[in-house]
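From first to last, the protein sequence lines are chains V and X.
Per our numbering, the very first residue in the first sequence carries number 1; after that it's consecutive.
Per our numbering, the very first residue in the second sequence carries number 372; after that it's consecutive.
Every residue gets a Cβ at the ideal spot worked out from N, C-alpha and C, and that includes glycine.
Protein chains: 2
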Amino acid sequence: MPEPVSQKILLPRTCSEHWTVPVMTKITMAQGAGGERMQEFIREFVLNELDHDFGEIPLGALDDAAIVDGIVFTTDTYTVKPLFFPGGDIGRLAVAGTVNDLSVMGATPVALSCAMVIQEGFSTDELHTIMRSLNSTARSAGVRIVTGDTKVVEKAAIDGLFINTSGIGRRSPHLDHNIAEIRKSRAFKWEWPNDSGVSDKDVIIASGPIGNHGVALLSFREGYGFDTVVKSDAAPLNHMIAEALKVGGVTSMKDPTRGGLANLLNEWSEKSSVGISVREEAIPMDEAVIAACEMLGIDPFEIGNEGKVIMAVVPEKAEEVLKAVRSVPEGARASIIGEATAGVRGVLMETHTGGKRVMEPPVGDPVPRIC
Amino acid sequence: MPEPVSQKILLPRTCSEHWTVPVMTKITMAQGAGGERMQEFIREFVLNELDHDFGEIPLGALDDAAIVDGIVFTTDTYTVKPLFFPGGDIGRLAVAGTVNDLSVMGATPVALSCAMVIQEGFSTDELHTIMRSLNSTARSAGVRIVTGDTKVVEKAAIDGLFINTSGIGRRSPHLDHNIAEIRKSRAFKWEWPNDSGVSDKDVIIASGPIGNHGVALLSFREGYGFDTVVKSDAAPLNHMIAEALKVGGVTSMKDPTRGGLANLLNEWSEKSSVGISVREEAIPMDEAVIAACEMLGIDPFEIGNEGKVIMAVVPEKAEEVLKAVRSVPEGARASIIGEATAGVRGVLMETHTGGKRVMEPPVGDPVPRIC
């Protein structure tokens, strides 16, 4: 339970303003969940405590990767539970996630690190399987693990295995062309696609069905049974993204991981100062994912994905970029889901029934420990 | 307990050859401890499973950092227990350790990542303190944290907090001069100082007293009382190393972390194909560290340090490099401790009593969870 103390408010108050406000002095699960609580966490502990203005895309941009001295640099620790799940395992996830964070910045991934913390007593067979998965996923992305670290800790200190992968990348050879194509139709002050790059009339493309990773994990973990048809989508997307950049006109890209599509679109709206409207019927989704979310009372747009990218593209190039994304197997079901609009803010979704609802940024995470 | 199964031997046998050999199918603490068991672990799970020949200094070199496409890249996860200890905390350790791994490769650190896994319920006050420590240590090293990640996991899944820092660096501006100075006196085929760079007659320098970090941690954790006088040495050493490179003639550098001085010297012996002889009385040590190790029955040369560097230097430049190291506060007690000899292997120590003993590579770790 929170202990009431007199310090800055970190977390939402449920009491009225007439009462002394109890302040959280302990970290909560929601603070690592990719929603609004996490944004507050980042302001309080990261932006407030760390120097954050160093580099071309600095820490303070809170983008998928930083860019410093021409190097694109990103990190993620994977604490997924269980370690093996329908469609993948922690090794595949750890490589795909970091490759994708580099790729959505417009980088070609160069190399990854792999740092593992392992529970004493962990199965050597399972570890071999995970190492092979790390390697084969890296190979399929054309990238290599070049440095690493292993810590073994006592059983009580960790649940199984965590993997951190950090990644370095270089500016994609297709990025100059991509940006030149944007500048044919409008001003674009950035040298990289980034969260602030979305402008009026940009078309929003989703590279494939939404919600699969989170539903597969939750269903498998809890035994709901949807995992027989819903698999994790974890996959490296650098080749797909390269195809899109070759066409050109991509103003921003982002992978809808923690916090899902809802968090991603709201981040774009805030950082790019645009409104975003999407049509629910245009968002690709599997029937089983829809059924699972309805049964479990989960918003599919707040669930994390690990093999999808959302792109904002100048309207002149949208159809051509869509075609390029669809030319790659992982993008076969890509679709135009909406567009950006200047002069407004927030995310508005036209529902199946023709109504409109605000797609709020998630507060916490409907499905924890999926990445 | 190990389960006997029929597969490749991973771990040492204590039974006679007349018996069926029980094979470990579970990861043990010793495999993460920086000694011989860890070397076996790396061969079995890293070299055996991952492509490891990519880059200028590839994964397969098992050096302190990889060098790929002109970028020096390293990673470490810190699982130290407790998080706050005499002389430092996990934040200081996480920055110093990664800065040092870059620096001993001859790199100037450019930027760090910081990925935290935090236990639900962790104290926000402690987290603020750790973030400040990360930032102030990074500032003192002239480097910045530019990208990060936070995961919060349930209480049962982790013991407090783990931090992964990865780091990127660029070739030090002093490295060309350093290598030119080596080449004045002998052939040197490398463009970077690395574990294979030590040659006949190279002088071995220790930058300061050995064993403090491990003894401080163990004593504080177990309540032995030595921590009132012995503090952790955790510190970034990039400025000290730059001073040494300015002088030139440094053929290899390494920080004696897990496995301590004994592991470091044996790694040099093996990778550089030289013998190394050291004089016990020349190795700087604090009286309280000696007393603690005697009382606890621990070999001080097998304990991890977090603010020391061991350098191999061509004899012509040894005194001058020693002076440069001593000019920096962290190197005030630096000393020449021995030398390398061609045609032999292993590490030989002349003891206080004038005898000689082989300094074996440690098997496991006398003090776990210190980094």
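Quickly, what does DSSP pair A107/V with across the bridge? List them, please. Position 107 of the first sequence, counted from the first residue, corresponds to residue 107/V. In DSSP, A107/V forms a bridge with R171/V.
Can you have a look at T599/X and say buried or exposed, based on whether 16 or more other CB atoms are within 10 angstroms of its CB? Here the question's residue 599/X lines up with position 228 in the second sequence. With fewer than 16 Cβ atoms within 10 Å of its Cβ, T599/X is classed as exposed.
From the DSSP output, in three-state form, read off A711/X for me. Here residue 711/X refers to the residue found at position 340 of the second sequence. Per DSSP, reduced to three states, the secondary structure at A711/X is strand.
By the DSSP assignment, the alpha helix (DSSP H) with V153/V in it spans what residues? By one-based count along the first sequence, residue 153/V stands at place 153. Per DSSP, V153/V belongs to no alpha helix (DSSP H); it is in the beta strand (DSSP E), R144 to V153.
Three-way DSSP call (helix, strand, coil) for V392/X in this model: Your numbering for residue 392/X matches position 21 in the second sequence. Summary for V392/X: the model assigns pLDDT 39, below 50, so the residue's position carries little reliability, and this model does not support an answer.
DSSP on V488/X, reduced to helix/strand/coil? As a first step, residue 488/X is located in the second sequence; it is residue number 117 there, counting from the start. Three-state DSSP puts V488/X in a strand.
For H128/V, go through chain B and note every residue whose CB falls closer than 9 Å to its CB, in chain order. Among the protein chains of the structure shown, namely V and X, there is no chain B.
Any beta carbon of chain X sitting closer than 8 Å to that of T147/V? Numbered from 1 along the first sequence, position 147 holds the residue referred to as residue 147/V. Yes, because at least one Cβ of chain X sits closer than 8 Å to the Cβ of T147/V.
With a CB to CB cut of under 7 Å and the five nearest residues on each side skipped, what residues in its chain are close to F493/X? Within the second sequence, numbered from 1, the residue matching residue 493/X stands at position 122. Once the five neighbours on either side are set aside, the close Cβ partners of F493/X are G531 and L532.
For E120/V and chain X, any beta-carbon pair shorter than 8 Å? Numbered from 1 along the first sequence, position 120 holds the residue referred to as residue 120/V. It does; some Cβ of chain X falls within 8 Å.
Check whether the Cβ of G106/V lies closer than 8 Å to any Cβ atom in chain X. Working through the first sequence from its first residue, we reach residue 106/V at position 106. No, no contact with chain X.
Residue ranges of each beta strand (DSSP E) within the stretch 641-676 of chain X, 3 or longer: If one requires a minimum length of 3 residues, the beta strand (DSSP E) runs lying completely within the stretch 641-676 of chain X are 646-650, in chain order.
Residue-chain proximity (E525/X, chain V), Cβ-Cβ < 8 Å: Counted from its first residue, the second sequence places residue 525/X at position 154. It does; some Cβ of chain V falls within 8 Å.
Euclidean distance between Cα positions of K246/V and M240/V: Within the first sequence, numbered from 1, the residue matching residue 246/V stands at position 246. Within the first sequence, numbered from 1, the residue matching residue 240/V stands at position 240. Those two C-alpha atoms are separated by around 10 Å.
Cβ of A528/X less than 8 Å from any chain V Cβ? Working through the second sequence from its first residue, we reach residue 528/X at position 157. Answer yes: the Cβ-Cβ gap between A528/X and chain V drops below 8 Å somewhere.
Option nearest P737/X by Cα separation, candidates E658/X, G462/X, V649/X and L667/X: Stepping through the second sequence from its first residue, residue 737/X is reached at position 366. For P737/X, the nearest C-alpha among the options comes from L667/X.
May I have the straight-line CA-CA distance separating E614/X from V696/X, to the nearest angstrom? By one-based count along the second sequence, residue 614/X stands at place 243. By one-based count along the second sequence, residue 696/X stands at place 325. C-alpha separation (whole angstroms): 7 Å.
Burial state of S698/X, where buried means 16 or more other Cβ atoms lie within 10 Å: Taking the second sequence and counting its residues from 1, the one referred to as residue 698/X is at position 327. Exposed: under 16 other Cβ atoms inside 10 Å.
List the whole-angstrom C-beta distance separating G317/X from C742/X, where the pair is believed to meet the contact cut-off of C-beta under 8 Å. The first residue shown for chain X is 372 and the last is 742, placing residue 317/X beyond what the model contains.
When you compare the CB positions of P457/X and K602/X, do they come within less than 8 Å of one another, or not? Locating residue 457/X in the second sequence gives position 86, counting from the first residue. Locating residue 602/X in the second sequence gives position 231, counting from the first residue. Result yes, Cβ atoms of P457/X and K602/X sit closer than 8 Å.
How many Å lie between T353/V and M359/V at the Cα? Translated into positions along the first sequence, residue 353/V becomes position 353. Translated into positions along the first sequence, residue 359/V becomes position 359. Approximately 15 Å between the Cα atoms of the pair.
Within 8 Å of any Cβ in chain X, is that where the Cβ of F85/V sits? In the first sequence, the residue the question calls residue 85/V occupies position 85. No, F85/V lies away from the interface with chain X (no Cβ there is under 8 Å from its Cβ).
If you run the structure through DSSP and keep just helix, strand and coil, what is F493/X? Locating residue 493/X in the second sequence gives position 122, where the first residue counts as 1. Looking at F493/X - three-state DSSP - the assignment turns out to be coil, as it is neither helix nor strand.
Contacts that P429/X makes with chain V (C-beta to C-beta distance below 7 Å): In the second sequence, counting from the first residue as 1, residue 429/X sits at position 58. Within chain V, the residues near P429/X are V146.
Determine the direct distance from the alpha carbon of E56/V to that of G743/X, and round the result to whole angstroms. As displayed, chain X neither begins before 372 nor continues past 742, which places residue 743/X out of reach and without an answer.
Apart from the five residues just before and just after F41/V, which ones in its own chain have a Cβ nearer than 7 Å to its Cβ? Here residue 41/V refers to the residue found at position 41 when the first sequence is read from its first residue. Contacts found: Q31.
Segments assigned alpha helix (DSSP H), at least 4 residues, entirely inside the stretch 177-251 of chain V: 212-222 and 238-247
Between D69/V and chain X, is any beta-carbon pair separated by less than 8 Å? Your numbering for residue 69/V matches position 69 in the first sequence. Judged by the 8 Å Cβ criterion, D69/V is in contact with chain X.
Who are the neighbours of M502/X on chain V, taking C-beta pairs under 7 Å? Here residue 502/X is taken as the residue at index 131 of the second sequence, counted from 1. Within chain V, the residues near M502/X are F45, E49 and L50.
A509/X in three-state terms, based on DSSP: Within the second sequence, numbered from 1, the residue matching residue 509/X stands at position 138. A509/X falls in the helix class under three-state DSSP.
Identified DSSP bridge partners for L536/X: For the purposes of this step, residue 536/X is identified with residue 165 of the second sequence, where counting begins at 1. Checking the sequence, you will find Thr at residue 536/X rather than Leu. Under DSSP, T536/X takes part in a beta bridge, and its partners are D447/X.
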